[in-house]
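In full-length UniProt numbering, the protein residues as written are 1 to 721.
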């Protein structure tokens, strides 16, 4: 039975969503027939409808609740709710409570954010409401109550519920009093991560957002019933969440349904969406539902709000999200557009999802690599530059694993005890901030035989970003920190005349030395004794580990007559390996960050080799063939397996947006997870996208199959034996 056919609450059975993000002119032009047809064509089960906040689309009883310019006497929100109810759709009322107009500010100036000089913060002619003011404590709960009593929505979303981002400090009297009551200190004067008061201000802001989450849910559930959820809006992009004080872990602990605003790919590629899905679903424990919106409009740089997105670009984003465990949600700006091509984008993906939703629920990922992450690391180690310090390394590893066909799951540090079943190796991609308890959990994992791959300053700081005297995992790394480094995280602006990043990694064991054998982490580097680098190396003392790579100091690029290595063998370790309990590979060199920034193939090979070695070569899924395939394997409740294969080959050919699909195939797949020990192996697998069946062969506990062709994606269903 499909999950949407169950008798459970709406948040257990509503998977596909549609949203027409209303503009102020839409009450004058909204075409019910057009949008009802769009709901039906795309098989949505729920709609997200603008109710109020910045702009009200219903006749609110609150005089300061600004009504849409063209609303007049109309109740557009109520009309859309009625049309949706007649068709059995779930309704979520969309709010946006972070700003208000001049009238509201004039009436309640003390409810709005101000800088240190008392000047209000404004954007697009509106004033930013303060999360510590009665605007959030009293006014918004009253609006929520009004909407529930009149329209009985199933739940609420809120686009910018978390208020002022952390780049700006609010010095209003509400914040000053609240911080002093909670912390006993005055508000910080500036952004200084070395100041413990500032770090407490960061955590105080996180706590306040959780208070708001709990307060708004208390209101909606008490007035609208226990299933009337307030879900705000979140993002699987951790840096984005951190800037807005939205703690993904604590929020996931509080809600059975997560709404994600993550509409398009950024620097990483489409695989970022599947990664975000696995990250969120891992926090949920794969027991709840998460839906994510995708822009049907042209969300490029610059954006074109009323033009259609390139169809391959939007579709690839959606299918990667589905592969990562998310459910689809189309998003249009405005009720009318001169570009009707955007209305044709969603239907093929949404109807396929409807027809195969039984394959997309009641399942858990199968992977033996855990990529460790934490929001504290993004904040307290990332500090003022989390993109450089934490996100580039993290996504550098993600991209290296995807390109190598190595399946993985993101694991939050709080789940290091509970989510390690089946995990052979953990990866710390510049996870500088770890608590003593987190370090102890990782140490126990390695002592029990688990593998570890770590980079850069991982574990050198505690959970508040305070530097330790040595790595928290120094004994595990077999290395001690010297608190110095060579090179830099950020590439300075240079010309070829001055090239401090012109550095290399030296391989001490020469490729042409027949008397020695290179370590498996160096597999594939034939006919070379050096690799390009260009990053930062943490200076360490190797106490109980072997150095496989060492640092080559910078030397001139031009003139070419001067471009030769002065110090080819510095002896400074760049990669250390050891075996004690499990296998450990520690990179003092930030090859993860370098790959995230520069995409040098050698860096990806190093990272993938280290993971394979630390995992003793175990890999549930192995992909081979021409092209780049992002593979995601799941096991369902009945023991069958579902394998998503997303074709990324065309997405990297040119810059976004993607213009066309480039089919690949055949793709050879081997699975060690799909065989039934002691039982009969399946002989046939089903192709859920292209249709048809393919043969499955078995060799011991390894199943093998060949997928003849993949256009955008394929989903292979492997039954139990």
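Virtual Cβ for every residue (Gly too), placed ideally from N, Cα, C.
Just grab the DSSP bridge partners of residue i for me.
i: residue 319; result: DSSP lists no partner for residue 319.
i: residue 578; result: 584
i: residue 95; result: 52 and 158
i: residue 304; result: 298
i: residue 19; result: 48 and 331
i: residue 292; result: 260 and 328
i: residue 365; result: 634
i: residue 707; result: 667
i: residue 412; result: 373
i: residue 496; result: Its beta-bridge partners do not exist; DSSP assigns none.
i: residue 454; result: 428 and 586
i: residue 624; result: 668
i: residue 540; result: 481
i: residue 647; result: 629
i: residue 433; result: 461
i: residue 560; result: Residue 560 pairs with nothing; no bridge assigned.
i: residue 530; result: 506
i: residue 696; result: 705
i: residue 718; result: 641
Using a Cβ-Cβ cutoff of less than 7 Å, which residues in the same chain neighbour residue i once the five nearest sequence positions on both sides are dropped?
i: residue 24; result: 55, 68, 69 and 70
i: residue 75; result: 58 and 59
i: residue 165; result: 243 and 244
i: residue 677; result: Here residue 677 scores only 49 on pLDDT, less than 50, and its place in the model should not be relied on; the value that follows carries that caveat. Within the same chain, residue 677 has close Cβ partners 701.
i: residue 381; result: 389, 390, 432, 433, 461 and 465
i: residue 482; result: 539, 540 and 541
i: residue 302; result: none
i: residue 504; result: 530, 531, 532, 533 and 552
Identify which residue in the options has its Cα closest to the Cα of residue i.
i: residue 626; options: 709, 504 and 97; result: 709
i: residue 723; options: 395, 359, 717 and 29; result: As displayed, the chain neither begins before 1 nor continues past 721, which places residue 723 out of reach and without an answer.
i: residue 368; options: 386, 407 and 388; result: 407
i: residue 326; options: 284, 521, 366 and 622; result: 284
i: residue 418; options: 370, 387 and 395; result: 370
i: residue 158; options: 234, 473, 559 and 152; result: 234
i: residue 294; options: 161, 442, 109 and 317; result: 317
i: residue 440; options: 208, 416 and 84; result: 416
i: residue 403; options: 616, 606 and 689; result: 606
i: residue 553; options: 543, 572, 545 and 220; result: 572
i: residue 65; options: 366, 107, 172 and 47; result: 107
i: residue 19; options: 8, 81 and 72; result: 81
i: residue 484; options: 469, 225 and 200; result: 469
i: residue 323; options: 288, 275, 143 and 348; result: 275
i: residue 96; options: 52, 85, 374 and 520; result: 52
i: residue 8; options: 93, 204 and 256; result: 256
Whose C-beta lies closer than 6 Å to the C-beta of residue i among residues of the same chain, with five residues either side of it excluded?
i: residue 391; result: 239
i: residue 21; result: 333
i: residue 509; result: 516 and 518
i: residue 621; result: 407, 631, 633 and 671
i: residue 705; result: 669, 685, 694 and 696
Write down the C-beta distance between residue i and residue j rounded to the nearest angstrom, noting that I regard them as a contact closer than 8 Å.
i: residue 534; j: residue 501; result: 4 Å
i: residue 459; j: residue 434; result: 5 Å
i: residue 614; j: residue 452; result: 6 Å
i: residue 277; j: residue 229; result: That belief does not hold up - the Cβ atoms of residue 277 and residue 229 are roughly 20 Å apart, past 8 Å.
i: residue 624; j: residue 668; result: 5 Å
i: residue 637; j: residue 362; result: 5 Å
i: residue 593; j: residue 393; result: 4 Å
i: residue 792; j: residue 321; result: Because the chain spans 1 through 721 in this model, residue 792 falls outside it and cannot be assessed.
i: residue 457; j: residue 376; result: Rounded, the Cβ-Cβ distance is 14 Å, inconsistent with contact.
i: residue 246; j: residue 162; result: 5 Å
i: residue 682; j: residue 720; result: 7 Å
Just to confirm my understanding: we take residue i, look at its own chain, exclude 5 residues before and 5 after, and list those with CB closer than 8 Å. What are they?
i: residue 507; result: 518, 522, 525, 528, 529, 530, 531, 548 and 549
i: residue 121; result: 112, 113, 114, 115, 127, 128, 164, 168 and 170
i: residue 137; result: 215
i: residue 188; result: 169, 195, 197, 198 and 201
The segment 104 to 120 in contact with the segment 31 to 48 per 3-pair CB rule at 8 Å: no
At least 3 beta-carbon pairs within less than 8 Å: the segment 572 to 583 vs the segment 473 to 482: yes
Inter-stretch contact (C-beta, 8 Å, three-pair minimum) for the segment 38 to 45 and the segment 348 to 364: A contact exists between the segment 38 to 45 and the segment 348 to 364.
Touching by the beta-carbon criterion (3+ pairs, under 8 Å), the segment 556 to 568 and the segment 593 to 602: no
Three CB pairs or more closer than 8 Å across the segment 712 to 721 and the segment 638 to 645: yes
Meets three-Cβ-pair contact criterion under 8 Å: the segment 92 to 104 and the segment 124 to 143: yes
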